[in-house]
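2 protein chains.
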Amino acid sequence: MSAPPSTIANDALTYDQAGVKYDQVDPIKLLAQQSAKATAAHVAARGFNEIVASRGESAYVLDIGHSYLASIVECLGTKVLVADAVYRDTGKSFYAAIAQDTIAMAVNDLITVGATPLVVQAYWAAGGSDWFNDRKRAEDLIAGWKAACDVCGVSWGGGETPALAGVVESDTIDLGASCVGLVQPKSRLSLGDNLAPGNAIVLLASSGIHANGVSLARKLAERLPNGYQTDIGNKQTFGEALLAPTTLYVPVTEALAKAGVAVNYTVNITGHGWRKLLRHTSEFTYRIKEIPSVPAVLSFIQHEAKLDNAEAYGTLNMGAGFALFVDAKDAEKTAHIAHQCGIEAWVAGAVETGAKQVIIEPIGVTYSADDLKLR
Amino acid sequence: MSAPPSTIANDALTYDQAGVKYDQVDPIKLLAQQSAKATAAHVAARGFNEIVASRGESAYVLDIGHSYLASIVECLGTKVLVADAVYRDTGKSFYAAIAQDTIAMAVNDLITVGATPLVVQAYWAAGGSDWFNDRKRAEDLIAGWKAACDVCGVSWGGGETPALAGVVESDTIDLGASCVGLVQPKSRLSLGDNLAPGNAIVLLASSGIHANGVSLARKLAERLPNGYQTDIGNKQTFGEALLAPTTLYVPVTEALAKAGVAVNYTVNITGHGWRKLLRHTSEFTYRIKEIPSVPAVLSFIQHEAKLDNAEAYGTLNMGAGFALFVDAKDAEKTAHIAHQCGIEAWVAGAVETGAKQVIIEPIGVTYSADDLKLR
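So the protein lines, in turn, are chains A and B.
Counting from 1, position 170 in the first sequence corresponds to residue 253 in our numbering; the numbering is continuous, with no gaps.
Counting from 1, position 362 in the second sequence corresponds to residue 445 in our numbering; the numbering is continuous, with no gaps.
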């Protein structure tokens, strides 16, 4: 973690200890970003202009005339290893759940620009042909993938199912998804141009850890005498609780568009937890007055990993998976529409003039601009 | 391989021996395809119709009104392991080359439907953060990726660079690319509706093995006393020859469109070698009268792996990486335009009425419909 928001206990788990070294990846990421940026001229020569502001955002946007084209590729990450371990230990398959997680990683990012996701492609790189011989997990993966497409209203266009012995570890699978969609009408583009003081911040509930903070959770499981089989206090095991599938937020953004609610900006709360609320480049203060009850699995991680609130809310979603920034007059309506989609939501706070910071009043935590370096 | 086209020597290498078991993956692929097909209704409800015929083809196509939207995700496969081995043994980096291969896997498939590729996303899943610490290979990967985007005229939109210790083997990287493009004007759609007897078959030269048949080549390297350092007879080592980057065919299809040459159908010659010429669902005979000189690396593989011609041309590209099916009157012009793009091309044969088969006259090999089961 590039900027630990607070002092942490000696035996606390940090992301660095969990093997994720953001600092090491970043200089190369920067070079890749600069090289990528230089290629925009090619499509301009073909008559298509990229939306420059989308390069720092969660999906890439191209102006194709009558609408904007948004595209993305995303990776599930190491959550598959939790599903593998639970499957080995208990025989319970959560491959349908991680299929949903994988699609969620892509679509929940794609909708942040205001796009309607249309096509999802599957990237399933197995450690060997044998992976697909276990029909139960393979069929669950397919069923979960299809069910997530059903929820999001997207067409599963196809994909790749290579057997990559020697590249992917044997008996596991590298799961990714690409997604393409359209911003239509173009007025739905939500890159934050209309984000302004006075906007309400509506938060949508998460279902659990989603797919961020998983390396930390895996490291914690290694420390626990019963590992993933540890009862977290609500009659769920740690492993099963971790594997609650990520909420798909597409129905909410589509329902808002249908209802004519203009969304000024959105943030998918993934890595960096609530620090992600600082994502937009503008200088605003984001004041949060209402926080949700924390999912049991995240309370358990916070307690067992000895994270203080600043560390926990700066790493995990702590019950809020997606943030919508709307005009104050639309705030209650926005939350209501999310409820109608079966997703808990609440008007959590507001955008204010002031230094770039997130103030989470109920827990007395503040993150400043220095706590989030995404670009 | 589902249908070995001929008897092979006892010590010959087959795909099955090389660890690729198509038969095992296929039933699950079929289930995935059926499940995917069922999701098309979602986008239809949103006013977008999929092009049903594209489901059996190399890229997925959706009608978005003024144009068709084509999308795809592709994987490099195990060619990275060849680059890893050569880098370990000699210090020579071919990561720029395999970056081009990865993009080629995506764009060369996308253009088969008549699309202009517009955006490429990078999927680089490393075995750990350390992969990117080796600046030479990381910078080469980025440089090769950008250069391939430059050749194809696409915008590099972004991507994912996760560190996936435990999922991807340490010290290697799982490389993939997603690509999205438009078929515009819609008349460029080349799903084969206009494929007809009398059409000419124009073949475009390959640069070497491209990224198909690599498992076989890797198995062969294990057998050779000097492995990848074996001189293949043209002052190149086996490893370096294998790592010639895949030809990017986008400039040719774009130049043909600009010149007003209608392309009736195309085939990217990848897995299954020249059997891929049977790809279209129609019942036609494809008669080949001119074959290219075979790249040294492929001759070497054929000789060392003791493959007869039927096996070699049914597995490897043998010098032809892409096939264009055009009206006979456009045949020479098509080859000429490819030459102008710096890619060798020749009018190789023609489509005829008759049983579904490929007849390669110069080597006396015939593949029938039973030799290719893609759907």
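Note that CB positions come from ideal geometry on N, CA and C, so glycine has one too.
Linking V441/B to S273/B through their CA atoms gives a straight-line distance of about 20 Å.
Counting only unbroken stretches of 4 or more residues, the alpha helix (DSSP H) elements lying wholly within the segment 122 to 148 of chain B are 123 to 128, in sequence order.
Note: Q117/A is not bridge-paired with any residue in the DSSP secondary-structure output. DSSP places R362/A in the coil class of the three-state scheme, outside both helix and strand. Closest option to D167/A, judged by alpha-carbon separation, among R129/A, M188/A, W214/A, A153/A: W214/A.
H125/A has a beta carbon lying within less than 7 Å of a beta carbon in chain B. When DSSP states are grouped into helix, strand and coil, N277/B belongs to the coil group. For C235/A, the closest alpha carbon among the candidates L201/A, L265/A, G211/A is that of L201/A. Contact annotation: in the segment 319 to 336 of chain B, no residue has its CB less than 7 Å from a CB in chain A. Not one beta carbon of chain A lies nearer than 7 Å to the beta carbon of V409/B. Remark: fewer than three beta-carbon pairs, one from each stretch, lie closer than 8 Å, so the segment 284 to 296 of chain B and the segment 260 to 275 of chain B are not flagged as touching. Taking a Cβ-Cβ cut-off of 8 Å, the neighbours of E157/B in chain A comprise E243, given in sequence order. Boundaries cannot be given for V344/A, as no alpha helix (DSSP H) includes it and DSSP labels it neither H nor E. Within the same chain, Cβ atoms closer than 8 Å to the Cβ of L278/A are found at N347, Y348, H363, S365, F367, F408, V434, the five residues on either side in sequence being excluded.
Residues of the segment 425 to 440 of chain B with a C-beta less than 9 Å from any C-beta of chain A: none at all. Our two residues, R301/A and I194/B, have alpha carbons roughly 42 Å apart in a direct line.
Contact between the segment 389 to 396 of chain A and the segment 313 to 326 of chain A is not established, with fewer than three Cβ pairs separated by less than 8 Å. Q319/B is not bridged by DSSP to any residue. Just so you know, the alpha carbons of E337/A and V285/A end up roughly 16 Å apart. Beta-bridge analysis with DSSP links S376/B to no other residue. The three-state secondary structure of Q385/B, taken from DSSP, is helix. Flagged as an interface residue toward chain A: D257/B, by a C-beta distance shorter than 7 Å.
Three or more beta-carbon pairs drawn from the segment 443 to 450 of chain A and the segment 392 to 407 of chain A are found closer than 8 Å, and the two stretches are therefore classed as touching. What A128/B touches in chain A, judged by beta-carbon distance under 9 Å, is G236, going in chain order. The beta-carbon distance between A208/B and C158/A, rounded to whole angstroms, is 6 Å. This is short enough to meet the 8 Å contact definition. Leaving aside the five residues that flank K341/A on each side, none in its chain has a CB nearer than 7 Å to its CB. When Cβ-Cβ separations below 7 Å define contact, A189/B makes no contact with chain A.
Inter-residue distance for P110/A and A119/B is about 39 Å (C-alpha atoms, whole angstroms). Close to V250/B, with beta-carbon spacing below 7 Å, are these residues of chain A in chain order: T161, V163, L164, V251, E252, T255, D257. For G227/B, the CB contacts under 8 Å within the same chain, skipping 5 residues up- and downstream, are Y178, A179, A180, I181, A182, Q183, P328 in chain order.
Only residues of its own chain outside the window of five on either side were considered, and among them F131, E133, L152 have a CB closer than 6 Å to the CB of L145/B, listed in chain order. Between F321/A and L360/A, the alpha-carbon positions lie close to 28 Å from each other.
N309/B carries a coil assignment under DSSP once its states are collapsed to helix, strand and coil. Distance from the Cα of T199/A is smallest, within the candidate group D257/A, A428/A, I420/A, C232/A, for C232/A. Restricting attention to W429/B, A411/B, D410/B, K412/B, the CA atom closest to the CA of H419/B is found in W429/B. Apart from sequence neighbours up to five positions away, the residues of its chain that approach G211/B with a beta-carbon distance below 6 Å are A246, A248, S253, ordered along the chain.
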